[in-house]
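Protein chains in written order, with this note's numbering: chain U, 6 to 204; chain X, 6 to 204. Quick reminder that beta carbons are idealized off the backbone N, C-alpha and C, glycines included.
Written out as structure tokens, the structure reads:
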């Protein structure tokens with residue numbers, strides 16, 4: 006270690022982020038010294054702390070929000086009969102960007118993956134089963150990823166809901182097989198939702 | 006914008022770093038929410054502010070340091086007769102990592118590049134001319150990058166020093182032409198320094 010301690014510390018912090026190795030972290034740390042002014046550093050630092058203190062999961066749908074329940078769950082103009090089930094909050098942001106879906110969401114916080122130790126109790130299922138008891142809910146749209154884990158999760162939801170008077174659909178059109186929702190563009194996501202099929 | 010304001014702010018801060026676009030910044034911001042715990046966020050935030058408040062340029066050599074003059078300039082065991090001239094502090098860290106050079110450094114903070122508006126006054130030359138007046142200095146080793154700008158900078162130094170009784174050398178062996186020192190490995194840098202040639 007030949008960096009001054011303060012620089013070394015910042016390098017190690019950057020390395021905690023995904024895809025940032027030692028060389029990239031060194032680059033960002035030196036960039037912080039040379040190109041980020043004091044005000045920007047303060048703004049970055051405050052933004053990070055503010056995110057940690059203010060962003061929580063919505064107690065109804067599990068989406069990330071700064072108010073609880075989130076602004077989607079409490080919006081009376083949203084279609085209260087539809088719940089679109091996704092793996093991550095990132096997926097909600099992606100679908101909202103497409104602007105074509107006006108129902109509610111449910112964020113599972115992952116997909117079933119016994120190989121990786123993700124089981125039923127690790128995902129946000131219980132609150133979904135409670136939500137579907139509400140008579141106003143008439144359709145569950147499953148938008149888990151088209152991966153093995155995403156499909157297994159979809160099958161599980163379908164199975165649990167099979168005895169309930171509720172339509173269960175799965176987005177289908179356009180989402181590339183083997184891909185994550187995160188990388189789909191807005192148009193693909195819009196069409197995937199419009200072209201959902203009975204599941 | 007459909008992200009909560011706090012998240013959006015953090016995304017924008019990440020985007021100030023080189024090579025971080027919107028999608029990557031979103032990924033890092035969401036990673037901050039989901040995978041970085043409160044203590045780590047605090048540590049990151051403090052590390053960034055500490056770097057801004059404590060890391061300065063050494064008033065002698067221009068290297069980044071938390072004490073002024075830096076620990077290299079004030080180390081009595083370093084060879085005081087040699088000054089190795091580099092473009093950036095990053096280059097000093099890279100060469101120090103190789104462990105084969107034991108002289109002093111001089112950081113120019115860039116290379117001459119009239120096309121990009123980098124002229125003589127923008128680089129740390131004046132303090133170099135003052136340092137070479139010291140009789141103890143017998144050799145200037147130029148280790149600017151093997152780019153057009155790095156070569157122009159080397160030529161300029163050579164020209165200014167031509168009437169002074171001082172050896173001017175240029176590292177040569179191993180540094181790939183067209184490349185930056187930053188990407189050279191320790192061994193390549195060691196050999197480049199050992200195999201320097203009269204300039």
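Next item on the list: Would you kindly check if the distance between the Cβ of residue 9/X and the Cβ of residue 59/U is under 9 Å?
Entry: Result yes, Cβ atoms of residue 59/U and residue 9/X sit closer than 9 Å.
Margin query: Quick check on residue 93/U: does DSSP put it in helix, strand or coil?
Written below: In the three-state scheme derived from DSSP, where H, G and I count as helix and E and B as strand, residue 93/U is classed as coil.
Check: Can a CB atom of chain X be found closer than 9 Å to the CB of residue 32/U?
Finding: Yes, contact with chain X.
Checklist line | Spatially closest choice to residue 69/U from 101/U, 174/U, 151/U and 32/U, by CA coordinates | finding: Taking only the C-alpha atoms, the option nearest residue 69/U is 101/U.
Notebook entry, point to check: Does residue 192/X come within less than 9 Å of chain U when only Cβ atoms are used?
Noted result: By this cut-off, residue 192/X is not an interface position.
Check: With a CB to CB cut of under 7 Å and the five nearest residues on each side skipped, what residues in its chain are close to residue 46/U?
Finding: The residues are 37.
Checklist line | Residue ranges of each beta strand (DSSP E) within the stretch 74 to 118 of chain U, 3 or longer | finding: As far as the stretch 74 to 118 of chain U is concerned, its whole beta strand (DSSP E) runs of at least 3 residues are 84 to 91 and 108 to 112.
Check: Terminal residues of the continuous alpha helix (DSSP H) containing residue 144/U?
Finding: Residue 144/U: not part of any alpha helix (DSSP H); member of the beta strand (DSSP E) spanning 144 to 147, first to last residue.
Notebook entry, point to check: If you drop the 5 nearest sequence neighbours on each side, which residues of the same chain put their C-beta closer than 8 Å to that of residue 91/U?
Noted result: Sequence-distant partners of residue 91/U (beyond 5 residues in either direction) whose C-beta falls short of 8 Å from its own C-beta, in its chain, are 97, 100, 110, 111, 112, 113, 148, 149 and 186.
Note to self: Residues of chain U with CB closer than 8 Å to the CB of residue 36/X, please, in chain order.
What the structure shows: Neighbours of residue 36/X across chain U, judged by C-beta separation under 8 Å: 22 and 23.
Next item on the list: Counting only the same chain and skipping the five closest in sequence on each side, list residues whose C-beta sits under 6 Å from that of residue 85/U.
Entry: The answer, listed in chain order, is 141.
Checklist line | Chain-ordered neighbours of residue 127/X on chain U, where CB pairs are closer than 9 Å | finding: Within 9 Å Cβ-Cβ: nothing; residue 127/X doesn't reach chain U, min ~13 Å.
Note to self: Can you pull out the residues from the stretch 56 to 67 of chain U whose beta carbon lies closer than 7 Å to at least one beta carbon of chain X?
What the structure shows: Against chain X - using a Cβ distance shorter than 7 Å - the residues of the stretch 56 to 67 of chain U are 56, 57, 59 and 60.
Note to self: So, at 7 Å on beta carbons, what are the nonlocal neighbours of residue 95/U in its own chain, with the 5 sequence-adjacent residues on each side left out?
What the structure shows: Cβ neighbours of residue 95/U beyond the five flanking positions: 187.
Notebook entry, point to check: Taking only beta-carbon atoms, is residue 41/X less than 9 Å away from chain U?
Noted result: The beta carbon of residue 41/X sits closer than 9 Å to some beta carbon of chain U.
Margin query: Given this structure, state the Cα-to-Cα distance separating residue 35/X from residue 20/X, to the nearest angstrom.
Written below: If you take the alpha carbons of residue 35/X and residue 20/X, they lie about 14 Å apart.
Next item on the list: List the residues that DSSP assigns as beta-bridge partners of residue 203/X.
Entry: Residue 203/X is bridged to 174/X.
Checklist line | 6 Å Cβ shell around residue 15/X - same chain, five flanking residues per side excluded | finding: Excluding residues within five positions, the ones whose Cβ falls inside 6 Å are 34.
Check: Does DSSP classify residue 194/X as helix, strand or coil?
Finding: DSSP places residue 194/X in helix when its eight states are reduced to three.
Check: Can you name the residues that DSSP bridges to residue 61/U?
Finding: BP columns for residue 61/U point to 70/U.
Margin query: Determine whether the beta carbon atoms of residue 133/U and residue 88/U lie at a separation below 9 Å.
Written below: In contact: residue 133/U and residue 88/U (Cβ atoms closer than 9 Å).
Notebook entry, point to check: Under the DSSP definition of a beta bridge, which residues are partnered with residue 123/X?
Noted result: Per DSSP, 118/X.
Checklist line | Nonlocal neighbours in the same chain, by C-beta distance under 7 Å from residue 71/X, ignoring five residues either side | finding: Cβ neighbours of residue 71/X within its own chain (closer than 7 Å, five residues either side excluded): 59 and 60.
Next item on the list: Return the residues of the stretch 68 to 80 of chain U that lie within a Cβ-Cβ distance of less than 9 Å from chain X, sorted by chain order.
Entry: The residues in question are 69, 70, 71, 72, 75 and 76.
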